[in-house]
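Here is the structure we will look at.
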Amino acid sequence: MPQVYSEPLCRRHYASWIGDAMVMRVGLFLIAIAVSLVVAFATGGFWIKLKPTVAQPTVHYTYDALLLFEGNQAGEERIWSTSQTVNTQFANKYIAASVQSGEEDYNFDG
Numbered sequence: 015m016p017q018v019y020s021e022p023l024c025r026r027h028y029a030s031w032i033g034d035a036m037v038m039r040v041g042l043f044l045i046a047i048a049v050s051l052v053v054a055f056a057t058g059g060f061w062i063k064l065k066p067t068v069a070q071p072t073v074h075y076t077y078d079a080l081l082l083f084e085g086n087q088a089g090e091e092r093i094w095s096t097s098q099t100v101n102t103q104f105a106n107k108y109i110a111a112s113v114q115s116g117e118e119d120y121n122f123d124g
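For reference, each letter of the sequence shown is one residue, going 15 to 124 in the numbering used here.
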């Protein structure tokens, strides 16, 4: 037998606003808020206290230097360095120099 007409079944259920489901929903919402506040307060992250710290890096002068003297014309550069490797590599442009250096701490912070 062929089907001539069909109508889908639609059921709707209504409940009052004040019911067991709504009380459970509001209760769980309040419990979630209370638990998150307790966890935030107990871990110390609720009101973050600003603790400024001053860090002074330890810096030491290594007495390494590289001086490049430029001439008036291209190719007249002269080089002086505290590194013997650089001096030997640029032996044709090496110039002897007498340089004094020292380490001084102006603010005496170590």
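Backbone N, C-alpha and C define an ideal beta-carbon position, used for all residues, glycine too.
Just so we're clear, the structure is a prediction, and the values are computed from it rather than from any experiment.
Pull up the CB-CB distance for residue i and residue j, whole angstroms please, since I reckon it's below 8 Å.
i, j, result
"Ser97", "Asp78", "7 Å"
"Leu81", "Ala111", "7 Å"
Using the Cα positions of residue i and residue j, report the straight-line distance between them to the nearest angstrom.
i, j, result
"Pro22", "Tyr28", "20 Å"
"Ser50", "Asp123", "45 Å"
"Gln87", "Thr99", "26 Å"
For residue i, list the residues DSSP reports as bridge partners.
i, result
"Arg92", "Phe83"
"Tyr108", "Ile93"
Let me make sure I understand the geometry here. Which of the options has the alpha-carbon closest to that of residue i?
i, options, result
"Arg76", "Gly116, Arg25 and Val18", "Rather than Arg, the amino acid found at residue 76 in this sequence is Thr. Taking only the C-alpha atoms, the option nearest Thr76 is Gly116."
"Gln114", "Val100, Ser95, Thr102 and Gly33", "Ser95"
"Asn208", "Met15, Gln70 and Leu42", "The structure shown does not extend to residue 208, since the chain is modelled only from 15 to 124, so the question has no answer here."
Residues in the same chain with beta-carbon distance under 8 Å from residue i, minus the five sequence neighbours each way, listed in chain order, please.
i, result
"Lys107", "Glu91, Arg92 and Ile93"
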